[in-house]
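Novice: Residue numbers (the numbering used here): 1 to 261.
Every residue, glycine too, gets a C-beta built ideally from N, C-alpha and C.
Computed from a prediction, not measured in an experiment: that's the story for all the values here.
Have a look at this one.
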């Protein structure tokens, strides 16, 4: 790995080390004061495709997976759409020995919780995500979701009701923060990320750019987002490894932006 841009005060000697990556991607201090920070982690090809053969796995590589693991290890909760859970075969987040001491010192559970956003509650409740999590899985759905299905989900997961007709993500994110989960990580998919961007909830984007041109009709990383205005971001770090680029962008608040990475 080669660090091309380093926003930190001190140099990062080896961005391939877990310790250096954890420092590079550290959440801002506001999370320690009860103010949530929502970052998204996505991968895309050179032509903007967010999937290859229907899944994001084909766009990934060893370095991407390494950063993926670090971002999870830093987070309190991973926010993900139900379609992504089904298509990507989601499993519970695992505890990692390398981060155990830091998580304990920060008052975090051994691994982040998984929070699934779904209106239909079309979930496999016998999957490991519900039967084997270190931290009980959370399901965010609507107040008018099918009652029978809600009861079934509540037996194996914590249920959060947010909105009528469609999930109110602002309410859902606030409910996660009320649990003390201020370090939020969204892993998509594109439709969920589009909804978060539309509601102006996205503070940060960690975007991996794969050196692939895939063609096809895959969605962009932000899909079906009817945003009232563009959201300006500022680049704070850039890493290169075997043609892959790993970028980190923060919400741009102007020249007096108080948020530092």
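Kindly indicate which residue of 175, 95 and 121 has the alpha-carbon position closest to the one of residue 83.
Specialist: Closest option to residue 83, Cα to Cα, is 121.
Novice: Less than 8 Å between the C-beta atoms of residue 114 and residue 128, yes or no?
Specialist: No, these two residues do not count as a Cβ contact at 8 Å.
Novice: On the three-state DSSP scale, how would you describe residue 178?
Specialist: Correct three-state label for residue 178: helix.
Novice: Three-state secondary structure (DSSP) at residue 6?
Specialist: Residue 6 falls in the coil class under three-state DSSP.
Novice: Can you list, in chain order, the residues of its chain whose CB lies under 8 Å from that of residue 71, leaving out five sequence neighbours each side?
Specialist: Result list for residue 71: 25, 39, 41, 185 and 206, in chain order.
Novice: What are the complete beta strand (DSSP E) segments, minimum 3 residues, inside the stretch 76-155?
Specialist: Those beta strand (DSSP E) runs which fall completely within the stretch 76-155 and span 3+ residues are 77-81, 113-117 and 138-141.
Novice: How far does the alpha helix (DSSP H) with residue 19 in it reach, from first residue to last?
Specialist: Taken as a continuous stretch (DSSP letters only), the alpha helix (DSSP H) holding residue 19 covers 18-24.
Novice: Could you pull out every residue in the same chain whose Cβ sits closer than 7 Å to the Cβ of residue 189, ignoring the five residues on either side in sequence?
Specialist: Excluding sequence neighbours, residue 189 sits near 81, 83 and 84.
Novice: If you draw a straight line from the C-alpha of residue 35 to the C-alpha of residue 171, how long is it?
Specialist: Rounded to the nearest angstrom, the two C-alpha atoms are 15 Å apart.
Novice: Measuring straight from C-alpha to C-alpha, what distance separates residue 96 and residue 62?
Specialist: Spanning the two alpha carbons is a distance of roughly 17 Å.
Novice: Could you tell me the alpha carbon to alpha carbon distance between residue 235 and residue 251, rounded to whole angstroms?
Specialist: Cα to Cα, residue 235 sits roughly 9 Å from residue 251.
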